[in-house]
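Novice: After the structure tokens below, expect a handful of questions from me.
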Amino acid sequence: MAGGPASDDLDAWVLATAPRAVAYARSLLKNPDDADDIVQDCYCRLLAKAGTYDLPRDGLKLLLTAVTNACINLRTRRRPVFRLVRTDPDGTEQADDPADPGAAAPDERLAHRELADGIAAGLRTLPPQQRADLELKSLGHTQQDIAEILSITPSNAGVLIHRARHALAAYLAPLMGEEAPQ
Amino acid sequence: MTANDHPIDDAVRRHLDAEAAKVDARAMLARVKAASTPATPSGLRKAAAIWFSGALTGGAVAAAVLLSFFLNAPMPTAQVATAAELVEQARETHAAPTDRCYDVVAEWNPDPLKKEKLEPIVQASRLWTRGDQFWISTKGQFGNKLEWGQDRAGKLWIALGPKRGLTYDPSEVGEPVQRYCDLMSLRVVSTLGDLLQGYDLKRHEGGKPGDPIRVEANLRPNPLHPNPKFGFVGLDLDPETKVIRKAVLKRQLNGETVGTLAFTLVETGDLPDDQYEIRGHVDADAVVLDGKFPPPGIGPAPRDPRDRDRAKFREDFLKKIHGGGPRPHWDGKKKE
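Sequence lines, in order, name chains A and B. Residue numbering for the first sequence is 0 to 181, as defined by numbering that gives the first Met the number 0. Residue numbering for the second sequence is 0 to 335, as defined by numbering that gives the first Met the number 0.
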């Protein structure tokens, strides 16, 4: 067993991190099956390198980095399919709306009686990178960690967090009986 | 990790906690164990064996025999993507509407440029790309800022400050402005497509896990395409996303290398769409001159005053981008 963590430690690490990683991946992707497959694949790849990395100590950040990349990569690979139907009647191609096309329309917001539903729906309206940024921030990661996980600069991470908070606050304002932030 | 002190963060955290509580961690553990066993590459057997052997402790003899079979029998080699597959994956990744910013450093060869009646131009600039769209921010030899790019329709635009601009239709190929801008541009998706068609591709492994994968492309001589843009292209690809982290391109004109351009990824962003058009870089009341002049009538048409103004704008632009002086200082800011 020398040279790597014991099997029990790795089992415990998977059990401890799986809820967080799966919930995070499901929030980035619409399809929970895709999310579960990605998390499974990321675990497999990290566990295959268990002799190289100290997974119980550093594994969560590595896992979230791998999950983020895989989710965004999957989304971007599928994106052109959406672009085909985003052509104006006059034939000009319009820029893609960076928000999730599966997000609730504004008039559907009233249907979210529970604030929790509203948060889930509001998160889905954010572009994936903003969503990931805000979620990682809410989980307590530092701006530097978020920058490393998302492969962006810390200042860019800060900008994305600010935009995401503002957009989500505006989305939730009607549910909370508040004015949307200006 | 830091404590959350923003109400939105707290709300998101509570939401994620509730979602995490719904996840069956034991089911994920079982899936991971089941999925890992047959696909374990031979080079990774040791690390995997540490985990799997523990996982099977106390298990049935048959399971141990099965493990022994997997660890001792010749293992199927993990499928390693070829250089062409990597370039294709990079092309798919870059075809998506994600904004990426690259630092560009150019080293020009003056003599071959002179043969083409061109001069060395600015050495450093920043390039934003989204698919085949791009825009470049650069500073001329006098420190003046210039922004120019190519929109979705292939039209070249140049912003000479907030009040003046030029656009060039793709049909205006002979324009020197087009030629200069083409020298520094990077139409990522098209270029990667060209590599798949006309270049010999070779993959080089990175040193450590997580290191970029290097792909080198050497031009394959083809008499049907005597004037390719690049003689050599080196790409450093992110091992996970296949995003181009670095690229080195040897730019050719009429078979001669006129310069080497190095692109380094510095930022992934979320830009407004108008940043790839001139309207994102000039004021609403700016004078933007295109090449669409009134159709000629019978006999010699009077010279359109816009033609003269356009020539003047163009000369200003060319004057500003020439020069191989000290590299400008970048403030790293982009226009929102």
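Glycine included, each C-beta is placed from N, C-alpha and C at the ideal position. As the structure is a computational prediction, the values presented were derived from the model and not from experiment.
Can you tell me whether Pro127(A) is buried or exposed? The criterion is at least 16 other CB atoms within 10 Å of its CB, across all chains shown.
Specialist: buried
Novice: Checking contacts by CB at 8 Å: is Leu83(A) closer than that to chain B?
Specialist: At Leu83(A), the pLDDT of 34 sits below 50, so the modelled position is not reliable and the matter cannot be decided from this model.
Novice: Per DSSP, what kind of secondary structure is His93(B) in: helix, strand or coil?
Specialist: helix
Novice: Among residues of its own chain, excluding the 5 on either side of Thr137(B), which ones have a beta-carbon nearer than 6 Å to its beta-carbon?
Specialist: Val121, Ser124 and Leu145
Novice: Mapping the DSSP letters down to three states, classify Val13(A) as helix, strand or coil.
Specialist: Note: Val13(A) maps to helix in three-state DSSP.
Novice: Look at Lys136(A) and Ile148(A) and say whether their C-beta atoms are less than 8 Å apart.
Specialist: no
Novice: Mind checking whether Ser170(B) and Phe133(B) have CB atoms under 8 Å apart?
Specialist: no
Novice: Whole angstroms are fine: how far does the CA of Leu165(B) sit from the CA of Arg309(B)?
Specialist: Cα to Cα, Arg309(B) sits roughly 7 Å from Leu165(B).
Novice: With respect to the alpha helix (DSSP H) encompassing Tyr42(A), which residues constitute its N-terminal and C-terminal limits?
Specialist: Pro31 to Ala47
Novice: Check whether chain A comes within 8 Å of Val103(B), counting only Cβ atoms and requiring the distance to be less than that.
Specialist: no
Novice: According to DSSP, which residues form a beta bridge with Gln142(A)?
Specialist: Its beta-bridge partners do not exist; DSSP assigns none.
Novice: What are the boundary residues of the alpha helix (DSSP H) that includes Lys144(B)?
Specialist: No alpha helix (DSSP H) contains Lys144(B), which is instead part of the beta strand (DSSP E) from Lys144 to Gln149.
Novice: Answer yes if the region 245–255 of chain B comes into contact with the region 266–280 of chain B, meaning at least three C-beta pairs across the two stretches below 8 Å, and no otherwise.
Specialist: These segments do not touch.
Novice: Starting from the beta carbon of Pro109(B), find every residue of chain A whose beta carbon is closer than 7 Å, and list them in chain order.
Specialist: Close to Pro109(B), with beta-carbon spacing below 7 Å, lies no residue of chain A; the smallest spacing is near 35 Å.
Novice: For Tyr42(A) and Val13(A), I'd like the C-alpha separation in whole angstroms.
Specialist: Tyr42(A) and Val13(A) have their C-alpha atoms some 8 Å from each other.
Novice: Since I believe Arg313(B) is in contact with Val214(B) (beta carbons under 8 Å), could you give me their beta-carbon distance rounded to a whole number of angstroms?
Specialist: Contact doesn't hold; Cβ gap of about 38 Å is too wide.
Novice: Can you tell me where the alpha helix (DSSP H) holding Lys113(B) begins and where it ends?
Specialist: First-last of the alpha helix (DSSP H) with Lys113(B): Pro109 to Lys114.
Novice: Val187(B) lies in the alpha helix (DSSP H); which residues open and close that run?
Specialist: Val187 to Gly197
Novice: Buried or exposed for Thr128(B), going by 16 or more other Cβ atoms inside 10 Å?
Specialist: buried
Novice: Name the residue from Leu27(A), Gly139(A) and Thr124(A) whose alpha carbon lies nearest to the alpha carbon of Asp4(B).
Specialist: Gly139(A)
Novice: Tell me which residue opens and which closes the alpha helix (DSSP H) that Gly117(A) is part of.
Specialist: Leu114 to Thr124
Novice: Quick one: what's Ile135(B) bridged to in DSSP?
Specialist: Beta bridge pairing from DSSP links Ile135(B) with Leu126(B) and Trp147(B).
Novice: When DSSP builds the beta bridges, which residues end up paired with Leu260(B)?
Specialist: Ala105(B) and Leu248(B)
Novice: Across the region 147–167 of chain B and the region 272–282 of chain B, are there enough close Cβ pairs to call them in contact, namely three or more that are closer than 8 Å?
Specialist: They touch, by the three-pair rule.
Novice: Beta carbons nearer than 9 Å to chain A: which residues of the region 11–25 of chain B have them?
Specialist: Taking 9 Å as the Cβ-Cβ cut-off, the region 11–25 of chain B approaches chain A at Val11, Arg12, Arg13, His14, Leu15, Asp16, Ala17, Glu18, Ala19, Ala20, Lys21, Val22, Asp23, Ala24 and Arg25, given in chain order.
Novice: Specify, as a first and last residue, the run of the alpha helix (DSSP H) that Ile7(B) falls within.
Specialist: Pro6 to Ala20
Novice: Name the one or two DSSP bridge partners that Thr166(B) has.
Specialist: Trp156(B)
Novice: Just to confirm before moving on: does the CB-CB distance between Leu63(A) and Ala20(A) stay below 8 Å?
Specialist: Yes, the Cβ-Cβ distance between Leu63(A) and Ala20(A) is below 8 Å.
Novice: Closest by CA to Leu191(B), which one among Ala29(B), Asp235(B) and Asp8(B)?
Specialist: Asp235(B)
Novice: For Asp237(B), is the classification buried or exposed, using 16 other Cβ atoms within 10 angstroms of its Cβ as the cut-off for buried?
Specialist: buried
Novice: Rounded to a whole number of angstroms, what is the C-alpha to C-alpha distance between His14(B) and Leu167(A)?
Specialist: Rounded to the nearest angstrom, the two C-alpha atoms are 13 Å apart.
Novice: Along the chain, where does the alpha helix (DSSP H) containing Ala131(A) start, and where does it finish?
Specialist: Pro127 to Ser137
Novice: For chain A, find out if any of its Cβ atoms is closer than 8 Å to the Cβ of His224(B); answer yes or no.
Specialist: no
Novice: Let me see if you follow: with CB-CB separation under 8 Å, is Asn30(A) close to chain B or not?
Specialist: no
Novice: Using the rule of at least 16 other Cβ atoms within 10 Å of the residue's Cβ for burial, across every protein chain shown, is Asn72(A) buried or exposed?
Specialist: Of the residues assessed, Asn72(A) falls on the buried side of the cut-off, its CB having 16 or more other CB atoms within 10 angstroms.
Novice: At the level of alpha carbons, what is the spacing between Glu118(B) and Cys180(B)?
Specialist: C-alpha separation (whole angstroms): 12 Å.
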